[in-house]
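Okay, so here's the structure we're looking at.
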Amino acid sequence: MSVVAQSAPSKTFRAGAFGNARVLVCRECSHEVDLGPHYACPECFGPLEVAYDFPQVTREEIEAGPANIWRYKALLPVPSDIEQSPNMEPGFTRLLKADNLGRELGIDNLWVKDDSTNPTNSFKDRVVACALSAARELGAKVFACPSTGNLANAVAAAGARAGIKTVVFIPSNLEQPKQVNSAVFTDRLVAVNGNYDDVNKLASEIAGEEEGWAFVNVNVRPFYAEGSKTLGYEIAEQLGWRLPDQIVIPVASGSQLTKVDKSFQELIKLGLVEDKPYRVYGAQATGCSPVSVAYKGATDAIRPVKPDTIAKSLAIGNPADGIYVLDVCRRTGGAVEDISDDEVRAGIVLLARTEGIFTETAGGTTVGVLKKLVETGQLDTTLETVVINTGHGLKTLDAVSDRVSAAATIEPTYSAFTAANLV
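Take the sequence shown: its letter number 279 is residue 816 in the working numbering, and every next letter is one higher.
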């Protein structure tokens, strides 16, 4: 839907269609817009996000909920009967104490939030679940997205589960496993010659021209983005209702990082966790690091770049929330850092061989940046630290296929075994 169309009166939705959400509010000028398929402020064209009137929510009420993101439904823009709608039921993934990785890096108290165990093996299942709820309430006929891979997987699968037509758009040079992981769920996978920013531009044009299309990260983006808050909610709950001292988060559009920060602030305001300082760090690959460059240059101007990195799920050259990532990291005393593709590959192998977690390139970026933050003294190794793994390594096998192999090829004899000196 175009920005002009957003000024039209909103349709009437069923009571409680968006839960405790009150309005959409502009992040720049604070102008309020009625709940609906709007994503840009009609006054200043700034981005919109969901504002709420939260009821009193207790830890006990949350803990009594289902073992997925709907345990936090009172804090999301979804109806109270959300569990009755067919969806992928993502979330409540494991938070692992990463003592082996911690020893390797010299961090006293380290955790890995492993979102690779979501239904389509990435954190995108969270945001898509919230977008799907909004699409239903808006009466959308087509569920769609531009994507660097993981989002396409999640949208295609969620659409299949919900029985809604899906169309997903990806860069034509996307990793083959991610293409297959989308095409298996939908017969409308569209490969576009260009990078993600080209694909996103096309999706925005379609959203402005076609009626009944819900592009999860375009015209229903405010609802979609709220799903990332559940990462922060879960981390706090799994730590025994406390916030970590430090958290390292990958940065593509930047939405995940800003929403985790938003979740921490909401938990504090609701009295569900103690108000305490925490530091937020952003992780990018050097081949697509406009936010890191801006942070290091002490500027608010984020200059778009043409991505050139193996970390394709982070390859957004013009990140929509980049400026807000800078705000969060600076406000909390964190930082934004970047690493080379070789360091990304090394991060993948390091996490696998210390904690038994096979991560994709985004996770390799985050672990590699964690290592660099320690080496450069930007991260306090004595403080409790969480690092987020957003996806499974089976999606990006090519990244490490030339780095790992059989230690030896031997004949089926004991003498051949002993001669190989494997132990």
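Ideal Cβ positions, reconstructed from N, Cα and C, are used throughout, including at glycine.
Boundaries of the beta strand (DSSP E) in which residue i is found, first to last residue
{"i": "residue 926", "result": "922 to 926"}
{"i": "residue 702", "result": "702 to 708"}
{"i": "residue 908", "result": "Per DSSP, residue 908 belongs to no beta strand (DSSP E); it is in the alpha helix (DSSP H), 898 to 912."}
{"i": "residue 680", "result": "679 to 683"}
{"i": "residue 752", "result": "750 to 752"}
Status (buried if at least 16 other CB within 10 Å, exposed otherwise) for residue i
{"i": "residue 721", "result": "exposed"}
{"i": "residue 605", "result": "buried"}
{"i": "residue 574", "result": "buried"}
{"i": "residue 541", "result": "Low confidence applies here, because residue 541 scores a pLDDT of 33, under 50, leaving its location unreliable; read the following figure in that light. Its Cβ having fewer than 16 others within 10 Å, residue 541 is exposed."}
{"i": "residue 539", "result": "Caution applies to residue 539, whose pLDDT of 34 falls short of 50 and renders its modelled position unreliable; the model cannot decide the point."}
{"i": "residue 868", "result": "exposed"}
{"i": "residue 543", "result": "Since pLDDT at residue 543 reaches only 40, below the 50 mark, its modelled position is unreliable, and the value read off the structure follows with that caveat. Buried, by the Cβ-count rule."}
{"i": "residue 634", "result": "exposed"}
Residue i versus residue j - alpha carbon distance
{"i": "residue 684", "j": "residue 675", "result": "22 Å"}
{"i": "residue 619", "j": "residue 640", "result": "42 Å"}
{"i": "residue 577", "j": "residue 936", "result": "37 Å"}
{"i": "residue 943", "j": "residue 957", "result": "12 Å"}
{"i": "residue 813", "j": "residue 780", "result": "8 Å"}
{"i": "residue 554", "j": "residue 680", "result": "18 Å"}
{"i": "residue 613", "j": "residue 946", "result": "54 Å"}
{"i": "residue 837", "j": "residue 556", "result": "35 Å"}
{"i": "residue 929", "j": "residue 590", "result": "36 Å"}
{"i": "residue 777", "j": "residue 923", "result": "14 Å"}
{"i": "residue 861", "j": "residue 833", "result": "15 Å"}
{"i": "residue 642", "j": "residue 800", "result": "28 Å"}
{"i": "residue 830", "j": "residue 859", "result": "11 Å"}
{"i": "residue 917", "j": "residue 866", "result": "15 Å"}
{"i": "residue 712", "j": "residue 933", "result": "7 Å"}
{"i": "residue 631", "j": "residue 654", "result": "8 Å"}
Short Cβ contact (8 Å threshold) for residue i with residue j
{"i": "residue 733", "j": "residue 839", "result": "no"}
{"i": "residue 489", "j": "residue 955", "result": "In the structure displayed, the chain extends from 538 to 960; residue 489 sits before or after that span and is not available."}
{"i": "residue 783", "j": "residue 815", "result": "yes"}
{"i": "residue 650", "j": "residue 925", "result": "yes"}
{"i": "residue 727", "j": "residue 705", "result": "yes"}
{"i": "residue 551", "j": "residue 622", "result": "no"}
{"i": "residue 584", "j": "residue 857", "result": "yes"}
{"i": "residue 965", "j": "residue 828", "result": "Residue 965 is absent from the model: the chain starts at 538 and stops at 960."}
{"i": "residue 661", "j": "residue 687", "result": "yes"}
{"i": "residue 755", "j": "residue 773", "result": "no"}
For residue i: DSSP bridge partner residues
{"i": "residue 783", "result": "816, 922"}
{"i": "residue 650", "result": "632, 925"}
{"i": "residue 585", "result": "563"}
{"i": "residue 821", "result": "875"}
Residue interval of the alpha helix (DSSP H) (run including residue i)
{"i": "residue 860", "result": "859 to 869"}
{"i": "residue 954", "result": "951 to 956"}
{"i": "residue 631", "result": "Where residue 631 is concerned, there is no enclosing alpha helix (DSSP H), given that its DSSP letter is neither H nor E."}
{"i": "residue 828", "result": "827 to 833"}
{"i": "residue 797", "result": "792 to 806"}
Within-8 Å CB hit, residue i to chain D
{"i": "residue 755", "result": "Absent from the structure: chain D. Only one protein chain is present."}
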